[in-house]
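Accompanying notes for the structure given below.
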Amino acid sequence: MILAGSVAPLLLFAAVATVTPGGATTLATASGAQFGFRRSIPLMTGIAFGLASLASVAAAGLASLLLAAPALELAMKLAGSAYLLWLAVKIGRSGPPGLDMQLASPTSFTGGACLLWLNPKGWAMTLGAAASFSVLAAGPLRLAALLGTAFGIAALVSLSLWCAAGMVLARLLKTPWQWRVLNVALGMLLAASIVPMWRE
Numbered sequence: 052m053i054l055a056g057s058v059a060p061l062l063l064f065a066a067v068a069t070v071t072p073g074g075a076t077t078l079a080t081a082s083g084a085q086f087g088f089r090r091s092i093p094l095m096t097g098i099a100f101g102l103a104s105l106a107s108v109a110a111a112g113l114a115s116l117l118l119a120a121p122a123l124e125l126a127m128k129l130a131g132s133a134y135l136l137w138l139a140v141k142i143g144r145s146g147p148p149g150l151d152m153q154l155a156s157p158t159s160f161t162g163g164a165c166l167l168w169l170n171p172k173g174w175a176m177t178l179g180a181a182a183s184f185s186v187l188a189a190g191p192l193r194l195a196a197l198l199g200t201a202f203g204i205a206a207l208v209s210l211s212l213w214c215a216a217g218m219v220l221a222r223l224l225k226t227p228w229q230w231r232v233l234n235v236a237l238g239m240l241l242a243a244s245i246v247p248m249w250r251e
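Residues in the sequence shown are numbered consecutively from 52, following my numbering.
Structure below.
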């Protein structure tokens with residue numbers, strides 16, 4: 052049985068890991084500003100599912116196998132970088148909400164999940180969490196359930212906060228020029244989030 056006090060360090064780790072700025076939080080902020088909370092739910096749940104499933108896979112021991120294959124890791128970095136750059140350009144070129152709404156659409160559940168699955172840093176982080184907190188559960192399946200739940204819930208909470216922050220920003224912006232500055236800034240932040248992926 053797991054005591055509530057014993058999981059406190061895991062919950063703190065998951066909270067810090069998910070609330071700190073990065074690609075996922077930047078995307079949630081941009082989506083909140085552009086589309087509002089309700090239309091951003093598929094993106095946020097996709098990211099949370101992606102992180103929860105990564106944590107579960109890491110706890111089950113599969114992440115170490117993936118990261119041990121240099122060619123696969125390089126392919127993941129390339130695909131993840133290309134996807135993030137595409138999203139950054141899409142955000143940077145968007146205008147105020149309401150313009151070309153028939154063409155504009157928020158990132159999907161699958162897109163949110165791919166954001167995590169194509170990021171080797173996400174794999175490494177969840178693998179580290181699995182190694183650090185393995186004593187909290189008897190066996191890899193229980194650890195997978197514990198880590199998946201902790202990271203999934205933490206991601207949903209933090210992404211909701213970042214999405215709400217985007218909605219607040221949207222209320223402060225009055226002119227197309229202000230929207231342009233925000234969108235370009237968010238796009239650049241998202242593009243910059245690729246850099247840590249390539250650091251050893």
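Note that CB positions come from ideal geometry on N, CA and C, so glycine has one too.
Within the same chain, show all residues whose beta-carbon is closer than 6 Å to that of residue i, passing over the 5 residues directly before and after it, in chain order.
i           : result
residue 76  : 213
residue 203 : 99 and 103
residue 94  : 82, 157, 158 and 163
residue 234 : 142, 143 and 145
residue 226 : none
residue 211 : none
residue 107 : 195 and 199
Report the option in the options whose CA atom is closest to the CA atom of residue i.
i          : options               : result
residue 85 : 134, 171, 185 and 156 : 156
residue 49 : 199, 225, 172 and 95  : Given that the chain is displayed from residue 52 to residue 251, the structure contains no residue 49 and the question cannot be resolved.
residue 71 : 120, 138, 209 and 107 : 209
residue 89 : 160, 132, 133 and 101 : 160
residue 64 : 177, 87, 92 and 130   : 177
Measure how close the beta-carbons of residue i and residue j come, nearest whole angstrom, since I'm counting them as under 8 Å.
i           : j           : result
residue 59  : residue 195 : Contact flag wrong, Cβ pair sits at about 20 Å.
residue 184 : residue 198 : 7 Å
residue 66  : residue 180 : At roughly 12 Å, the Cβ-Cβ gap does not stay under 8 Å, so residue 66 and residue 180 are not in contact.
residue 147 : residue 230 : 4 Å
residue 105 : residue 201 : Not quite, the Cβ-Cβ distance comes to about 12 Å (not below 8 Å), so this is no contact.
residue 26  : residue 96  : Given a span of 52 to 251 for the chain in the structure shown, any question on residue 26 remains unanswerable.
Just to confirm my understanding: we take residue i, look at its own chain, exclude 5 residues before and 5 after, and list those with CB closer than 7 Å. What are they?
i           : result
residue 152 : Any reading at residue 152 must be qualified, since the residue scores a pLDDT of 46, below 50, and its modelled position is unreliable; the value itself is stated next. Answer for residue 152: no residue qualifies.
residue 241 : 74, 77, 78, 135, 138, 139 and 142
residue 220 : 84 and 233
residue 247 : 172
Apart from the five residues just before and just after residue i, which ones in its own chain have a Cβ nearer than 8 Å to its Cβ?
i           : result
residue 154 : The pLDDT assigned to residue 154 is 39, lower than 50, so where the model puts this residue is not dependable; a value taken from the coordinates is nonetheless given after this. No residues qualify anywhere along the chain.
What alpha helix (DSSP H) runs, 4 residues minimum, are completely inside the region 148-236? 160-168, 171-183 and 191-223
Uninterrupted alpha helix (DSSP H) stretches inside the region 67-123 (no shorter than 4 residues): 74-110 and 113-118
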